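Protein chains in written order, with the numbering used here: chain A, 12 to 389; chain B, 12 to 389.
Beta carbons: idealized from backbone N, C-alpha and C, even for Gly.
Just so it is clear, the structure is predicted and the values come from calculations on it, not from any experiment.
Contents: one structure, followed by commentary.
2 protein chains.
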Amino acid sequence: MPEVTPQSIGYEVLHADVTCGARLGRLTTPHGVVDLPTFMPVGTVGTVKGVDIARVAETGAQMILGNTYHLALRPGAEVVEKLGGLHAFSGWRGPMLTDSGGFQVFSLAKRVKITEEGATFQSHLDGSPLHLTPEESIRIQEQLGSDIAMQLDHVIALPAKRDAIADAMERSVRWAARCRQAATRVGQSVFAIVQGGLEEDLRRESAERLVELGFAGYAIGGLSVGETMDQMLRTLEATTPALPQDRPRYLMGVGRPEDLLASIERGIDMFDCVMPTRNGRNALAFTDEGPLRLRNECHAADPRPLEEACPCPACQHSRGYLRHLFQAKEMLGPILLSIHNLTYYQRLMAGAREAIAADRFSQYHAEKKAGWSVGRLA
Amino acid sequence: MPEVTPQSIGYEVLHADVTCGARLGRLTTPHGVVDLPTFMPVGTVGTVKGVDIARVAETGAQMILGNTYHLALRPGAEVVEKLGGLHAFSGWRGPMLTDSGGFQVFSLAKRVKITEEGATFQSHLDGSPLHLTPEESIRIQEQLGSDIAMQLDHVIALPAKRDAIADAMERSVRWAARCRQAATRVGQSVFAIVQGGLEEDLRRESAERLVELGFAGYAIGGLSVGETMDQMLRTLEATTPALPQDRPRYLMGVGRPEDLLASIERGIDMFDCVMPTRNGRNALAFTDEGPLRLRNECHAADPRPLEEACPCPACQHSRGYLRHLFQAKEMLGPILLSIHNLTYYQRLMAGAREAIAADRFSQYHAEKKAGWSVGRLA
């Protein structure tokens with residue numbers, strides 16, 4: 012008898028908001044169901060930085076992301092596989108997506124050389140020489156055992172010449188085909204990544220060619236690399252109409268709360284970003300009244316929690332206490348603010364899903380934006 | 012109507028082990044009951060380092076310790092008081108003890124000058140000049156609002172001349188009297204601290220003179236400062252017979268698991284030490300088979316948890332994963348090992364209480380020692 016767990020992911024649009032492009036959806040994976048739109052906390056090297064995995068689940072996260080590049084360097088995919096794969100290794104029992112390493116090769120590695128075959132580069136940790144091809148990226152992701160593997164893509168810095176952007180986009184399409192060809196793991200699906208910089212026609216072309224190949228889902232990559240919010244949104248507007256309605260859409264590496272809502276409005280279903288944890292470690296707390304900088308003196312004797320309505324462990328404490336932790340350089344400061352920010356992002360997504368279901372996402376978006384702009388940066 | 016919460020601490024011996032000096036007891040405080048013997052995690056500046064307060068409770072801890080010296084420096088006792096006292100500030104709802112600052116003045120402060128009036132010194136943080144008298148220490152501890160305040164004592168480095176040890180001991184007795192005189196806070200009890208270095212007759216004299224003054228409990232201070240375990244135990248053996256049976260006995264700043272059991276055998280009821288968290292941050296895990304050094308290569312692909320029987324979040328992971336966290340310098344390594352070690356200490360104390368109740372503490376102690384020495388340091 013074959014196992015009855017799903018062999019690959021399923022996606023369903025549950026409701027399309029009549030006021031905008033926002034979609035309420037459901038992603039079914041071998042490790043469980045994800046309500047869309049969703050935000051995936053980033054578990055770079057098998058840990059969401061500073062937060063134990065039970066607490067990650069308590070924030071409301073349904074799916075997390077792991078990094079092929081980081082894990083391949085340390086501890087090595089073989090070690091993760093020996094220890095039962097990334098689920099057993101990290102202790103995360105739910106759905107999981109792994110990045111292909113393309114973005115890290117672009118952003119972290121040294122002496123990178125891209126050929127048609129793949130990327131040759133040096134580890135940012137110890138300079139050791141490494142080679143990553145589409146096939147090798149898939150092989151590593153199969154060892155990690157994620158539910159969704161990302162294709163290896165060719166990410167380039169912006170601004171760049173149109174020719175270079177087109178070359179990288181076309182190579183990414185060819186690499187997408189090779190990744191799909193290389194994939195063998197039952198229960199793991201491959202997502203393609205749309206590239207094309209800020210060139211709207213290249214984005215459309217990339218999307219169309221990938222859709223022609225046919226993938227379980229489509230990501231939009233190469234954004235959040237220094238462009239303005241307007242440029243990013245225009246790129247989304249050029250891209251999403253070229254993507255099929257019956258596949259999930261994932262905007263990689265984005266972003267701030269305002270980026271998430273504006274992108275959901277344009278039909279995006281999935282996000283990941285290090286911002287909640289990275290900013291948390293740096294004493295910045297997201298709230299409905301805008302971000303709070305906890306190192307500021309004004310919080311020293313403030314008995315209020317970050318947010319009255321937030322159920323997270325940080326909000327069991329006063330702002331004065333949280334500020335004190337950062338002043339005293341105590342680990343608990345970064346820990347608690349990371350948990351709060353992850354919780355904030357999940358609550359934002361839960362609110363978005365509720366709003367879409369009620370055909371009032373545009374109103375939700377406007378209300379949130381009003382709140383964020385009213386609050387002065389304290 | 013007055014509140015019905017107890018106005019001060021109560022202590023009761025529930026059972027004395029017939030095989031040794033170990034005592035099963037119960038401490039009643041305005042914030043709840045503590046089963047003795049107990050180990051208090053150290054919440055130096057209002058946080059048990061790296062562990063959120065709900066997790067601290069989950070380790071089994073019933074009482075925690077806060078540091079007057081650290082909190083007075085940062086954020087300042089006034090700020091803590093404004094934010095509702097140390098209970099509200101830290102989020103710990105249970106019984107709490109505060110140290111007087113005596114040990115930190117000795118171990119951390121710079122340019123310390125002790126007179127009969129008190130201690131003059133410079134903050135180890137910014138060199139600012141400070142003055143701490145017995146009365147001031149009590150005043151600060153009253154602002155913090157702990158259940159048990161410690162007297163300010165005069166701690167000196169060992170080895171020292173007998174005259175200097177005797178002087179410091181006698182001053183500590185006079186300061187104990189001043190602390191008791193200064194104490195006004197309803198619901199807060201003061202413990203005296205026996206001093207006298209390794210001079211058994213001075214320890215006895217210190218104990219007898221403090222008992223004559225009469226305190227709610229008695230601590231043994233000035234140990235765990237570099238002496239051998241044998242010297243420490245001999246000092247305990249000289250001291251505890253001079254302390255009343257009907258008061259709790261607290262050995263300050265001790266120590267390793269083996270120190271705790273050997274001290275319980277000699278009639279000690281309460282402990283505190285930074286070792287579980289400090290060692291945890293340094294990748295050392297306590298187990299029944301002795302300590303494990305998680306940075307060692309041998310753990311890299313080990314799928315076993317630190318301890319099969321341990322219910323803590325760290326023991327949901329493999330040793331290989333925990334090692335990886337330290338290799339990758341991830342915060343979660345120190346966090347998880349701190350939680351494991353705190354849990355280990357609490358399980359050790361729970362086992363000790365069970366053994367005393369069954370008159371088999373000596374056997375329990377022997378079994379634990381055998382386990383610790385069998386395990387090679389891995």
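Alpha carbon to alpha carbon, how far is residue j from residue i? Give it in angstroms, no decimals.
i: B:R182; j: A:R306; result: 42 Å
i: B:V15; j: B:L97; result: With a pLDDT of 40 at B:V15, under the threshold of 50, the modelled position of that residue is not reliable, and the figure given next carries that caveat. Distance between the alpha carbons of B:V15 and B:L97: 21 Å.
i: B:E219; j: B:G232; result: 15 Å
i: A:V29; j: A:E216; result: 28 Å
i: A:M434; j: A:H165; result: Chain A is shown from 12 up to 389; residue 434 of chain A falls before or after that span and cannot be answered.
i: B:P145; j: B:P259; result: 22 Å
i: B:A407; j: B:S134; result: Because chain B spans 12 through 389 in this model, residue 407 of chain B falls outside it and cannot be assessed.
i: B:Q199; j: A:E318; result: 33 Å
i: B:E300; j: B:L348; result: 16 Å
i: B:I204; j: B:A120; result: 20 Å
i: A:D257; j: A:E127; result: 31 Å
i: B:R358; j: B:V24; result: 21 Å
i: B:I125; j: B:V53; result: 26 Å
i: A:M161; j: B:K380; result: 52 Å
i: A:A99; j: B:E69; result: 23 Å
i: B:Q374; j: A:L136; result: 50 Å
i: A:I350; j: A:G43; result: 23 Å
i: A:P324; j: B:W103; result: 12 Å
i: B:E403; j: B:A33; result: Outside the displayed span of chain B (12 to 389) sits residue 403 of chain B, for which this structure offers no information.
i: A:P170; j: B:G266; result: 59 Å
i: B:I176; j: A:R289; result: 51 Å
i: A:V45; j: A:E147; result: 28 Å
i: B:P13; j: B:G21; result: Residue placement at B:P13 is flagged as unreliable, the pLDDT there being 37, under the threshold of 50; a coordinate-derived value is accordingly withheld.
i: B:L262; j: B:S235; result: 9 Å
i: A:C284; j: B:L143; result: 49 Å
Check the DSSP bridge columns for residue i and list the partner residues they point to.
i: B:E23; result: B:R37
i: B:A369; result: Its beta-bridge partners do not exist; DSSP assigns none.
i: A:T109; result: A:G77 and A:A160
i: A:M51; result: A:D283
i: B:T58; result: B:T58 pairs with nothing; no bridge assigned.
i: B:H142; result: B:T131
i: B:G228; result: B:F202
i: B:D46; result: B:R37
i: B:K124; result: B:T131
Under 7 Å between beta-carbons, which chain B residues line up against residue i? List them in chain order, please.
i: A:E341; result: V56, T58 and K60
i: A:P324; result: D63 and A65
Please list the partners that residue i has in chain A, where partner means a Cβ-to-Cβ separation under 8 Å.
i: B:I151; result: Residues of chain A passing the Cβ test: none, with the nearest at roughly 16 Å.
i: B:P287; result: Going along chain A, no residue has its Cβ under 8 Å from B:P287, so there is no contact; the nearest lies around 15 Å.
i: B:G102; result: Q327, H328 and Y332
Determine the chain B residues that contact residue i at a beta-carbon separation under 8 Å, and present them in chain order.
i: A:I346; result: G61, D63, M342 and I346
i: A:V90; result: A311, A312, G331 and H335
i: A:R85; result: H335, Q338 and A339
Residues of chain A with CB under 7 Å from residue i, in chain order?
i: B:L94; result: A312, P314, S329, G331 and Y332
i: B:L336; result: T58
Looking at the ligand MN, does it come within less than 8 Å of residue i, judged from the CB to the closest heavy atom?
i: A:C321; result: With respect to the ligand MN, the structure offers nothing, as it holds no ligand at all.
Within 8 Å, do at least three Cβ pairs link the stretch 71-81 of chain A to the stretch 46-59 of chain A? Touching, yes.
Contact list for the stretch 46-57 of chain B against chain D, Cβ threshold 7 Å: Among the protein chains of the structure shown, namely A and B, there is no chain D.
Assess contact between the stretch 323-337 of chain A and the stretch 299-313 of chain A, defined as three or more Cβ pairs (one per stretch) separated by less than 8 Å. Is contact present? yes
Quick check for students: name the residue ranges of the beta strand (DSSP E) that lie wholly in the stretch 261-324 of chain B, counting only runs of 3 or more. Taking only runs of at least 3 residues, the beta strand (DSSP E) segments lying wholly in the stretch 261-324 of chain B are 281-283.
Any 3 or more C-beta pairs closer than 8 Å across the stretch 182-202 of chain A and the stretch 246-253 of chain A: no
Counting pairs of Cβ atoms below 8 Å between the stretch 347-365 of chain B and the stretch 257-277 of chain B, do you hit three or more? yes
Would you check if there are 3 or more beta carbon pairs closer than 8 Å linking the stretch 79-88 of chain B to the stretch 149-160 of chain B? By the Cβ criterion, the stretch 79-88 of chain B is in contact with the stretch 149-160 of chain B, since at least three pairs of Cβ atoms, one from each stretch, lie closer than 8 Å.
If you scan the stretch 166-204 of chain A from start to end, which runs of the alpha helix (DSSP H) of 4 or more residues do you find wholly inside it? The stretch 166-204 of chain A contains these whole alpha helix (DSSP H) runs: 173-193.
Please go through the stretch 336-365 of chain B and give each complete beta strand (DSSP E) segment of 3 or more residues, from N-terminal end onward. none
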